[in-house]
């Protein structure tokens with residue numbers, strides 16, 4: 001396998017001494033199965049274990065048992081409900097000398113209010129990398145949504 005960044009090639013044996021076994025018509029299905037297992041499971045196992053360890057350092061396993069899979073998904077990714085623009089405005093931070101009453105800010109929010117739900121989700125995804133508002137609302141967004149004035 002070739003590393004996309006360094007270009008370094010690493011050889012992984014799918015079975016002991018696998019580099020000495022040719023893929024033939026007779027063993028091709030076993031090879032495909034082993035390759036899929038490697039690509040989907042074994043190759044990412046170390047990274048997955050580190051992720052799980054880090055996740056559990058933030059949310060202990062005993063707490064996770066209190067939630068369903070859907071509830072955990074909502075906690076991580078927010079809700080898919082309609083974006084509340086009034087709440088979004090209320091908890092927006094303004095920096096760089098711009099104020100909520102500024103003409104540019106009023107025009108920005110007017111455009112947002114006229115957007116479809118899909119467009120609002122896309123805007124939120126553009127600025128936060130998540131298309132949904134926070135589970136408990138914009139009040140709990142950390143860091144808060146911020147509009148900044150920058151001189152060009």
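Numbering (UniProt numbering), first residue to last: 1 to 152.
The C-beta atom is built at its ideal place from N, Cα and C for all residues, glycine as well.
Since this is a predicted model, take the numbers as computed values, not measurements.
Residue i and residue j closer than 8 Å at C-beta
i           : j           : result
residue 122 : residue 112 : no
residue 147 : residue 105 : yes
residue 38  : residue 14  : yes
Alpha-carbon to alpha-carbon, residue j and residue i
i           : j           : result
residue 138 : residue 128 : 12 Å
residue 10  : residue 126 : 36 Å
residue 98  : residue 149 : 6 Å
residue 134 : residue 3   : 36 Å
residue 22  : residue 35  : 14 Å
residue 81  : residue 33  : 41 Å
residue 142 : residue 27  : 53 Å
residue 60  : residue 12  : 34 Å
residue 100 : residue 107 : 11 Å
Rounded distance between the beta-carbons of residue j and residue i, thought under 8 Å
i          : j           : result
residue 91 : residue 145 : 7 Å
residue 89 : residue 63  : Contact flag wrong, Cβ pair sits at about 33 Å.
Unbroken alpha helix (DSSP H) runs of length 4 or more, entirely within the UniProt domain "HECT" (1 to 146): which are they? If we require 4 residues or more, the alpha helix (DSSP H) runs fully inside the UniProt domain "HECT" (1 to 146) come out as 28 to 40, 45 to 58, 61 to 64, 69 to 77, 85 to 90, 103 to 114, 117 to 128.
Would the stretch 114 to 121 and the stretch 60 to 74 be scored as touching if the rule is three or more Cβ pairs under 8 Å? no
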